[in-house]
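Accompanying notes for the structure given below.
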Amino acid sequence: LPQPLITRFDIVWMIKDDVIESRDRQIGDHIIRMKRLGIPEHLIESGEEVEPKDTQKGKIYSRNVEGEEILTTDFVQKYVAYCKRNFYPDCDEEPRKILVDYYTHQRKEGQGSGNTVSLTARSIEGTLRMAEARARLFLRKDVTEEDAKQSIAMDKLWRYLSDEADLNTDDYSGIPKRTQSAERMILSIVRNLIRELGGECVTTDIYNAAAEQSFDEDTVDRVLSTCRQRGTLWCPRLDLWRVA
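Numbering (the UniProt record's numbering), first residue to last: 1 to 244.
Right, here's the structure in full:
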């Protein structure tokens, strides 16, 4: 996602579709069982265990597929609607100062760094909205310092997870951030070897040096091929590399 678009969201939540056989089997069994019982689609998607003639209307608690007691979708929807209609929290000086301090500090720390999703002026609006939303959920008319701190924790969490998921909004090339990092590091390794070895190095030397940085040979080969195509490195003969 380009940065102008991603900055319009308060949170960008990463959902990983990890392959876990036991969980996949449980999900598949639940979906087929609910279909056979004639359960409405929206109840299946919510992951709740219900009888064919049972509904959520008027109920507060239900049970999920693991037998755990959970709030019903119907109750949560009504509760959130009530919070939004009746509570408009005001952000006093102390929680406001916490949010502003976080914003200015993160902007300073992130200057010149590509390791996090950049904070823009919209970011502080997002943390304020999350703090206000938390106050609403607790049926409060004022944003507390704890609301501000929890809002900041949520903001930090999604930015950290976006780094783990290779989300690079500072770059428009479409190349994942971890791939870019590998290219930079391996190219740096090659240049250092060429400088140390008198103007050229062989592929085996690059493999060995890259392995110390936890890069496998396939990654090295891909980066070398890319650098050769771009004209960054020159390969005058098989397995011999020089700076172009």
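For each residue, glycine too, the CB sits at the ideal point set by N, CA and C.
Residue i (DSSP reduced to helix, strand or coil)
i: E69; result: strand
i: residue 297; result: The requested residue 297 does not occur in the structure, where the chain is confined to residues 1 to 244.
i: W13; result: coil
i: R242; result: strand
i: V19; result: coil
i: P236; result: strand
i: R129; result: helix
i: S214; result: coil
i: R159; result: helix
i: Y61; result: strand
i: G114; result: Model confidence at G114 stands at a pLDDT of 46, short of 50, so the residue's coordinates are unreliable; what they give is reported in the following sentence. DSSP places G114 in coil when its eight states are reduced to three.
i: D90; result: strand
Assumed close pair residue i, residue j - CB separation to whole angstroms, cut-off 8 Å
i: R134; j: D155; result: Contact doesn't hold; Cβ gap of about 12 Å is too wide.
i: V143; j: C91; result: 4 Å
i: I189; j: A211; result: Not quite, the Cβ-Cβ distance comes to about 10 Å (not below 8 Å), so this is no contact.
i: T72; j: I60; result: 6 Å
i: R195; j: D10; result: With a Cβ gap of about 47 Å, R195 and D10 do not count as contacting.
i: residue 333; j: F87; result: With the chain represented from 1 up to 244, any question about residue 333 goes unanswered, as that position is not in the structure.
i: R107; j: R8; result: Contact doesn't hold; Cβ gap of about 18 Å is too wide.
i: R136; j: P89; result: 6 Å
Same chain, Cβ closer than 7 Å to residue i, five either side skipped, listed in chain order
i: L240; result: E200 and V202
i: K149; result: I98
i: A182; result: F215, T219 and V223
i: residue 280; result: Beyond the ends of the chain as shown, which are 1 and 244, falls residue 280; an answer cannot be given.
i: M185; result: Q213
i: W13; result: W158
With 16 other Cβ atoms within 10 Å as the buried cut-off, status of residue i
i: Y102; result: buried
i: G126; result: buried
i: C32; result: For the record, residue 32 in the displayed sequence is Ile; it is not Cys. Burial call: exposed.
i: Q229; result: exposed
i: I20; result: exposed
i: L119; result: buried
i: S225; result: exposed
i: I124; result: buried
i: S22; result: exposed
Contacting residues, own chain, Cβ-Cβ under 6 Å from residue i (five flanking each side not counted)
i: I15; result: none
i: A131; result: V143, D147, A148 and S151
i: L197; result: none
i: E217; result: Y207
Contacts around residue i, its chain only, beta-carbon distance under 8 Å, and the 5 residues preceding and following it disregarded
i: I152; result: I98, L99, Y102 and T127
i: A244; result: G231, T232, L233 and W234
i: R191; result: V243
i: T204; result: D239
i: H105; result: none
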